[in-house]
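I have placed the structure first, in the form of structure tokens, so that the comments after it can refer back to it.
In full-length UniProt numbering, the protein residues as written are 1 to 135.
See the structure below:
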């Protein structure tokens, strides 16, 4: 109850516990660095216990949910276009034995003698005369 001689000063209200549910006249607890907490020691302990219970309940619910649902697939990595040409080899890789056989076939062949280039040209004596009339 309010007594005429006791007017609450703003300093005393600043030092009072900030518990919201009902008025608490306890002094605010002090932090390790010397600043004041918002609540008194009693309400801080009570709030911390409630928070720990809430976190424990959330952990248990999450564990139950993870046991029930199927395992989560990892998201696919983003596609990054490559500017390198992707050319598949036309032939499989050749073994050393295959390379030796190819070497024998390709490089040990005797050069073939080709006919002279003139043999591929048209014969100048066999030209058709356009001015002559066939008989």
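C-beta: ideal position from N, C-alpha, C; glycine also.
Residue closest to residue 39, alpha-carbon to alpha-carbon, out of 81, 15 and 60: Nearest option by C-alpha distance: 15.
Residue nearest to residue 21 in terms of C-alpha spacing, selected from 81, 34, 47 and 65: Comparing Cα positions, the closest option is 47.
Beta-ladder partner(s) of residue 27, from DSSP: Beta-bridge pairing links residue 27 to 16.
Span of the alpha helix (DSSP H), counted from its first residue to its last, around residue 84: Neither: residue 84 is in no alpha helix (DSSP H) and is coded neither H nor E.
Burial state of residue 62, where buried means 16 or more other Cβ atoms lie within 10 Å: Exposed, by the Cβ-count rule.
Buried/exposed call for residue 57, threshold 16 Cβ in 10 Å: Counting other Cβ atoms within 10 Å of its Cβ, residue 57 stays below 16 and is therefore classed as exposed.
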